[in-house]
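Residue numbering for the sequence shown follows the numbering used here, beginning at 1 and increasing consecutively. Just so you know, even glycine gets a beta-carbon here, dropped at the ideal spot from N, CA and C. The structure appears below as structure tokens.
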Amino acid sequence: MDILLQQIISGLASGAIYASVALALVMIYNTTGHINFAQGEMAMFSTYIAWALVTAGLPYWLAFVLTVAVSFAGGVLIERVVLRPLHNAPVMAIIVVFIGMLLAFNALAGWIWGFLLKEFPSPARAVATGTPLFGGHDLFILIVTLAELVLLFLFFRHTSLGLAMRAAAQNPASARLVGVRVGWMLALGWGMAAAIGAVAGMLVAPIVFLDPNMMAGILLYAFAAALLGGITSPGGAVAGGLIVGVMENLVGTFVIGNELKLTFALAIVICVLIFKPSGLFGKVMVKRV
Numbered sequence: 001m002d003i004l005l006q007q008i009i010s011g012l013a014s015g016a017i018y019a020s021v022a023l024a025l026v027m028i029y030n031t032t033g034h035i036n037f038a039q040g041e042m043a044m045f046s047t048y049i050a051w052a053l054v055t056a057g058l059p060y061w062l063a064f065v066l067t068v069a070v071s072f073a074g075g076v077l078i079e080r081v082v083l084r085p086l087h088n089a090p091v092m093a094i095i096v097v098f099i100g101m102l103l104a105f106n107a108l109a110g111w112i113w114g115f116l117l118k119e120f121p122s123p124a125r126a127v128a129t130g131t132p133l134f135g136g137h138d139l140f141i142l143i144v145t146l147a148e149l150v151l152l153f154l155f156f157r158h159t160s161l162g163l164a165m166r167a168a169a170q171n172p173a174s175a176r177l178v179g180v181r182v183g184w185m186l187a188l189g190w191g192m193a194a195a196i197g198a199v200a201g202m203l204v205a206p207i208v209f210l211d212p213n214m215m216a217g218i219l220l221y222a223f224a225a226a227l228l229g230g231i232t233s234p235g236g237a238v239a240g241g242l243i244v245g246v247m248e249n250l251v252g253t254f255v256i257g258n259e260l261k262l263t264f265a266l267a268i269v270i271c272v273l274i275f276k277p278s279g280l281f282g283k284v285m286v287k288r289v
């Protein structure tokens, strides 16, 4: 029983990271209608920035805040410079740009910092939780992710800027009629997605170690979580992340082994696309033709 509880709690910690990346994917999808395949590499690059700041002598939390700020600015810049000119481009052209961004961030990180594994610090690594069921970093992940989700909920529900961003994503034409600057709302959405991804990268790096390819598997789990919860539903992305995290741990430990856990994520993607493409909480889009 203790092993089962330990795997569930550990799965919730992993699922919180998947939920963060899935939330970033959903935010980009709701504003552009496309999946950002470079989301994981953007998060990895931001984590390298945090590592460089900590290595230079900055306190962890100062490096954390600066990295989130830099990532937000970088996300806005990418939308303004790279994606805005492609607003009316074919879908395939945008997909190629996303794949190009993935390769560019991966190669640039390796060129600047090298491809050797690096240890990333955690302020909670040595914290005693009083129970062997979960470690200090697992608790740290859950607390940070929960705080992040609460702040996002309050922002989108109770601020004028958050309401404007929701309006721009749901109905750009009507939003323009009431004075919402839709272009800038999309840019802010990209900035927030980049910042959320940076947080996820800094949370997962102490577990998987820092290297240019560290987010490849995380992105696949996050994609499965976003599809399972509903690619149009931010709340569904969070629920999907937690479900995928727990199921991945249980199935990997008791059924198929850790070597095939990525196969399990692919199986989730395939099953959702076949049996329930809208996900558990997503909206079914109906178009009149």
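### Query
Below 9 Å between beta carbons: does that hold for L12 and V246?
As a position in the sequence shown, residue 12 is number 12, starting the count at 1. As a position in the sequence shown, residue 246 is number 246, starting the count at 1. Yes, the pair counts as a contact, with Cβ atoms nearer than the cut-off.
### Message
I need the DSSP call for L210, collapsed to helix, strand or coil.
### Response
The count along the sequence shown starts at 1 and reaches residue 210 at position 210. Three-state result, L210: strand.
### Task
Tell me, please, which residues DSSP counts as bridged to K118.
As a working mapping, residue 118 is identified with position 118 in the sequence shown. In DSSP, K118 forms a bridge with L210.
### Message
Suppose you measure from the CA of L116 to the CA of L203; what does that come to, to the nearest Å?
### Response
By one-based count along the sequence shown, residue 116 stands at place 116. By one-based count along the sequence shown, residue 203 stands at place 203. Roughly 19 Å separates the two Cα atoms.
#### Entry: CA-to-CA distance, L53 to K209, given in whole angstroms
In the sequence shown, residue 209 corresponds to position 209, counting from 1. In the sequence shown, residue 53 corresponds to position 53, counting from 1. Correcting the residue type first, residue 209 is Phe in the shown sequence and not Lys. Those two C-alpha atoms are separated by around 16 Å.
### Query
What residue from C271, V21, M185 has the CA that sits closest to S160's CA?
In the sequence shown, residue 160 corresponds to position 160, counting from 1. The candidate whose alpha carbon is nearest that of S160 is M185.
#### Entry: Of the listed residues A43, Q6, P90, I3, nearest to A22 (C-alpha basis)
Residue mapping note: residue 22 aligns to position 22 of the sequence shown, counting from 1. Selected option, being the one with the closest Cα: A43.
### Task
Taking T263 as the reference, give the member of I3, F254, L273, E248 with the closest Cα.
Against the sequence shown, residue 263 aligns to sequence position 263. T263 has its Cα closest to that of E248, out of I3, F254, L273, E248.
### Query
So, I3 versus T253, is the Cβ gap smaller than 9 Å?
As a working note, residue 3 is residue 3 in the sequence shown. As a working note, residue 253 is residue 253 in the sequence shown. It is a contact, given that the beta carbons lie within the stated cut-off.
### Query
When we look at the beta-carbon of F45 and count the other beta-carbons within 10 Å, is it buried (16 or more) or exposed?
For the purposes of this step, residue 45 is identified with residue 45 of the sequence shown, where counting begins at 1. Buried: at least 16 other Cβ atoms inside 10 Å.
#### Entry: Simplified DSSP state of T31, which is helix, strand or coil
If you number the sequence shown from 1, residue 31 lands on position 31. Of the three classes helix, strand and coil, the one that applies to T31 here is helix, per DSSP.
### Query
Is S20 closer than 9 Å to I196 when the C-beta atoms are compared?
Here residue 196 refers to the residue found at position 196 when the sequence shown is read from its first residue. Here residue 20 refers to the residue found at position 20 when the sequence shown is read from its first residue. Cβ atoms of I196 and S20: closer than 9 Å.
### Query
For the candidate residues D211, A187, S71, whose alpha-carbon lies nearest to that of E119?
Counting from one through the sequence shown, the residue named residue 119 turns up at place 119. Residue D211 is the option with its Cα nearest to E119.
### Query
Is F37 helix, strand or coil when you go by DSSP?
Taking the first residue of the sequence shown as position 1, residue 37 is located at position 37. Coil.
### Message
For I8 and I268, I'd like the C-alpha separation in whole angstroms.
### Response
Indexing the sequence shown from 1 puts residue 8 at position 8. Indexing the sequence shown from 1 puts residue 268 at position 268. About 18 Å.
### Task
State the Cα-Cα distance for the pair G40 and M215, rounded to the nearest angstrom.
Mapped onto the sequence shown, residue 40 falls at position 40. Mapped onto the sequence shown, residue 215 falls at position 215. Rounded to whole angstroms, G40 to M215 spans 5 Å at the Cα level.
### Message
Rounded to the nearest angstrom, what separates L107 and L177 at their Cα positions?
### Response
Translated into positions along the sequence shown, residue 107 becomes position 107. Translated into positions along the sequence shown, residue 177 becomes position 177. The amino acid occupying residue 107 in the given sequence is Ala; Leu does not appear at that position. Their Cα atoms are separated by approximately 43 Å.
### Task
Put F156 into one of helix, strand or coil per three-state DSSP.
The residue labelled residue 156 in the question sits at position 156 within the sequence shown. It is helical.
### Query
Cα-Cα, which of V65, N30, A93 is closest to A198?
Position 198 of the sequence shown, counting from 1, holds the residue named residue 198. The candidate whose alpha carbon is nearest that of A198 is V65.
### Query
To which residues of the same chain is L149 closer than 7 Å at the C-beta, ignoring the five residues directly before and after it?
Reading the sequence shown from its first residue, position 149 is the one you call residue 149. So the list reads V238, once near-sequence residues are dropped.
### Query
Where in the stretch 225-285 do unbroken runs of the alpha helix (DSSP H), each at least 4 residues long, occur, reported from the N-terminal end onward?
234-251, 261-275
### Message
Using C-beta distances below 7 Å, list every residue in its chain close to A50, excluding the 5 sequence neighbours before and after it, in chain order.
### Response
Residue mapping note: residue 50 aligns to position 50 of the sequence shown, counting from 1. Closer than 7 Å at Cβ, skipping near neighbours: A63, F64, T67, M202.
### Task
Go ahead and label H158 buried or exposed: buried means 16 or more other beta carbons lie within 10 angstroms of its beta carbon, across all protein chains shown.
Position 158 of the sequence shown holds residue 158. Its Cβ having fewer than 16 others within 10 Å, H158 is exposed.
### Query
Just checking my contact of G279 with G241 at CB under 8 Å: how many whole Å lie between their CB atoms?
In the sequence shown, residue 279 corresponds to position 279, counting from 1. In the sequence shown, residue 241 corresponds to position 241, counting from 1. Not confirmed; about 12 Å, so no contact.
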